[in-house]
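Just below is one structure, and these are the notes that go with it.
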């Protein structure tokens, strides 16, 4: 039987490769450069954020100052304008000012507050509320002062009217007493308003009664001098 020849493969002897180090310094430099760039970008972002916040703070402050100025202008115009302001209304025209002025106040102030951005709305509403409370107190005080002034004026007018009526009706003692009592009521109303004590009240009433009697005698002296002398004589003997 024929045989197939076999050919041997010569062996390759193993060699020991010397230590080889791959140079990756370039990659390390790249990584370091990348890290530095990222850090720099973060720093720039932080600075930009600070600048943005600073600008926003300035914008907010400017808006707040403008609102405060606008509110002050409304208050000065509606209350203290020398011609059209509430405090220019005297006497009976000064009654119930809060009901007349505050609706217009609310209308103008709400327009100003609505212009603020959302994050400043609470602040604006607080400022408006504080100024409204102050304005309401000032209006009420002015109305009360005008009410007191009108009451005093009416009391003085009533006292004068009663003295004149007593003098014109000097021949009727009952009428004279009635007019003196009417004047006393007017005096008491003012004294009640002022919270006068008993001594002050008694002195004011006596002063009014004396002034009325004197005016009556002056009228009698003008119309009937003899009767006036007799009345003065009776007064002196009493």
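Numbering (this note's numbering), first residue to last: -10 to 227.
Glycine residues also receive a C-beta, built at the ideal position from the N, C-alpha and C atoms.
Computed from a prediction, not measured in an experiment: that's the story for all the values here.
Report yes if the CB atom of residue i is closer than 9 Å to the CB atom of residue j, and no otherwise.
i: residue 116; j: residue 56; result: yes
i: residue 119; j: residue 68; result: no
i: residue 74; j: residue 135; result: no
i: residue 182; j: residue 140; result: yes
i: residue 90; j: residue 156; result: no
i: residue 52; j: residue 106; result: yes
i: residue 228; j: residue 208; result: With the chain covering only -10 through 227, there is no way to say anything about residue 228.
i: residue 184; j: residue 142; result: no
Please report the Cβ distance between residue i and residue j, rounded to the nearest whole angstrom; I am assuming they are in contact, meaning their Cβ atoms lie under 8 Å.
i: residue 138; j: residue 86; result: So it is not a contact: roughly 14 Å between Cβ atoms.
i: residue 64; j: residue 124; result: 6 Å
Determine, for residue i, whether the minimum Cβ-Cβ distance to residues of chain B falls below 9 Å.
i: residue 64; result: In summary, chain B is missing from the structure at hand, where a single protein chain is found.
Could you check if residue i belongs to the surroundings of the ligand HEM, using beta carbon to heavy atom distance under 8 Å?
i: residue 119; result: In the structure on display, the ligand HEM does not appear, and there are no ligands present to speak of.
Alpha helix (DSSP H) runs contained entirely in the region 54 to 90, provided each spans 4 or more residues: none
Would you check if the region 132 to 147 and the region 160 to 176 touch, i.e. whether three or more CB-CB distances between them fall below 8 Å? yes
For the 8 Å Cβ check, are there 3 or more pairs between the region 157 to 173 and the region 194 to 205? yes
Sufficient close CB pairs (3 or more, under 8 Å) joining the region 88 to 106 to the region 56 to 65: yes
Kindly provide the ranges of any alpha helix (DSSP H) runs that are 4 or more residues long and lie completely inside the region 176 to 204, ordered along the chain. none
3-residue-minimum beta strand (DSSP E) runs that sit fully inside the region 108 to 165, ordered along the chain: none
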